[in-house]
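Trainee: Positions in the sequence shown are counted from 1; adding 2 to them yields our numbering.
Questions regarding the structure given below will be posed in turn.
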Amino acid sequence: MEIHRAVLVKEVVEFLVIKEEGVYIDATAGFGGHSRAILSKLNNKGFLVGIDRDSEAVKYLSESIKDSRFRIIKGNFASLKELIRGIGIDKADGILFDLGVSLFQLKELDRGFSFLSDARLDMRMDTSQKLDAWEIVNRYPQRELERIFKEFGEESHAKRIARAIVKKRERDGINTCKELASLVERIYVRRGRLHPATKVFQALRIEVNEELKCLQRGLIEAYELLNSGGRLCVISYHSLEDRIVKNFLKDYASTKKMVVITKKPILPSIEERLINPSSRSAKLRVGEKV
Numbered sequence: 003m004e005i006h007r008a009v010l011v012k013e014v015v016e017f018l019v020i021k022e023e024g025v026y027i028d029a030t031a032g033f034g035g036h037s038r039a040i041l042s043k044l045n046n047k048g049f050l051v052g053i054d055r056d057s058e059a060v061k062y063l064s065e066s067i068k069d070s071r072f073r074i075i076k077g078n079f080a081s082l083k084e085l086i087r088g089i090g091i092d093k094a095d096g097i098l099f100d101l102g103v104s105l106f107q108l109k110e111l112d113r114g115f116s117f118l119s120d121a122r123l124d125m126r127m128d129t130s131q132k133l134d135a136w137e138i139v140n141r142y143p144q145r146e147l148e149r150i151f152k153e154f155g156e157e158s159h160a161k162r163i164a165r166a167i168v169k170k171r172e173r174d175g176i177n178t179c180k181e182l183a184s185l186v187e188r189i190y191v192r193r194g195r196l197h198p199a200t201k202v203f204q205a206l207r208i209e210v211n212e213e214l215k216c217l218q219r220g221l222i223e224a225y226e227l228l229n230s231g232g233r234l235c236v237i238s239y240h241s242l243e244d245r246i247v248k249n250f251l252k253d254y255a256s257t258k259k260m261v262v263i264t265k266k267p268i269l270p271s272i273e274e275r276l277i278n279p280s281s282r283s284a285k286l287r288v289g290e291k292v
């Protein structure tokens, strides 16, 4: 099984690696697609730190990348400075964020990310944390569910879905991904290209993992870690993430703290989208610290 195919690898390396002897951070190392490409561009003085919240990804990389120029650590990029300085590094020449969920997490059905899964609703990127999707779906008030679906999923049927969830759980609860996906499907009269539950699952995943809050904090910490002339590269997959990244770069550029390198986001080529359909929504934005 293919674990995960990294997106925009060539473009990331081109924008990120400005010095072969530099220090770089892959803040969402996952299963190492970008990390391996970055390492291939560094000389023997260069160094790369990989970070991931997922214990399975950390274990995989610690066993599969045997390179003295690489160090993998478990953690959340919202605490980027603490993590990096904890291993004796003060500054970096480039930092990468590749946001969203990995193919591995979707295909490992017991992780509870997929519509197809008969497993308990979960969606935790860090399985050591307590809050999971089951807790939200079965315990949160109707109004709070509606807010989450509307705010984090931009779901037009948020109110109806929240009401249906509360009604269903009064009888026997909603335990699995399939149960929730089926409930949402019944609310949609017409079905488009995307599965009807896509936005609801996205919203729950964002809430469980505090993805947008973590992104906002992580971007600030990344800026503070960068050397002058260092690059920040961020790949986002939906409008909520992309808006945060776009506004961050714009705000920092307006106060002369950064220069926006990509006036428009870099998109995957037609060839990449054909080979890897999951890359179709990816957008890469790049800024350089002044």
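The beta carbon of each residue, even a glycine, is placed where N, CA and C say it ideally should be.
1. Roughly how many whole angstroms lie between the Cα atoms of V51 and A80?
2. Extract the residue ranges of the beta strand (DSSP E) inside the stretch 208–265, only unbroken runs of 3 or more that lie entirely within it.
3. The alpha helix (DSSP H) spanning G32 covers which residue range?
4. Does the Cβ-Cβ distance between S238 and K285 come in under 8 Å?
5. Is the beta carbon of R195 less than 8 Å from the beta carbon of V103?
6. When the Cα atoms are used, what is the spatial distance from V11 to K68?
7. With a Cβ-Cβ cutoff of 8 Å, do R149 and N211 count as a contact?
8. Is it buried or exposed, K291, if we count other Cβ atoms within 10 angstroms and call 16 or more buried?
9. Quick check on this structure: which residue in Y254, A121, G232 has the alpha carbon closest to the alpha carbon of Q218?
10. Is the shortest distance between the beta-carbon of C179 and the beta-carbons of chain D less than 8 Å?
11. Name the DSSP beta bridge partners of D120, please?
12. For L118 versus F72, is the C-beta distance shorter than 8 Å?
13. For A135, list the residues DSSP reports as bridge partners.
14. P270 and R282 - do their beta-carbons sit closer together than 8 Å?
15. Where does R87 fall in DSSP's three states?
16. Who are Y26's beta bridge partners in DSSP?
17. Rounded to the nearest angstrom, what separates I53 and A8 at their Cα positions?
18. Can you tell me which of the three DSSP states K21 falls into?
19. Can the beta-carbon of A94 be found less than 8 Å from the beta-carbon of L228?
20. Per the DSSP calculation, F72 is bridged to which residue(s)?
21. Can you check DSSP and say which residues form a bridge with G289?
22. Sort K47, E84, G32 by Cα distance to I74 and report the nearest one.
23. Do you know whose CA, among L44, E226, R173, R55, lies nearest Y26's CA?
Mentor: With the given structure in hand:
1. 15 Å
2. 228–238, 260–262
3. No alpha helix (DSSP H) contains G32, which DSSP labels as neither H nor E.
4. Contact flag set, yes.
5. no
6. 20 Å
7. no
8. buried
9. Y254
10. Going by chain labels, chain D is absent from the structure shown, which holds only one protein chain.
11. Paired residues: none, contrary to the question.
12. no
13. Note: A135 sits in no beta bridge, so no partner.
14. yes
15. When DSSP states are grouped into helix, strand and coil, R87 belongs to the helix group.
16. L50, G96
17. 15 Å
18. coil
19. yes
20. L50
21. For G289, DSSP records a beta bridge to L234, V262.
22. G32
23. When L44, E226, R173, R55 are compared, the shortest CA-CA separation from Y26 is found for L44.
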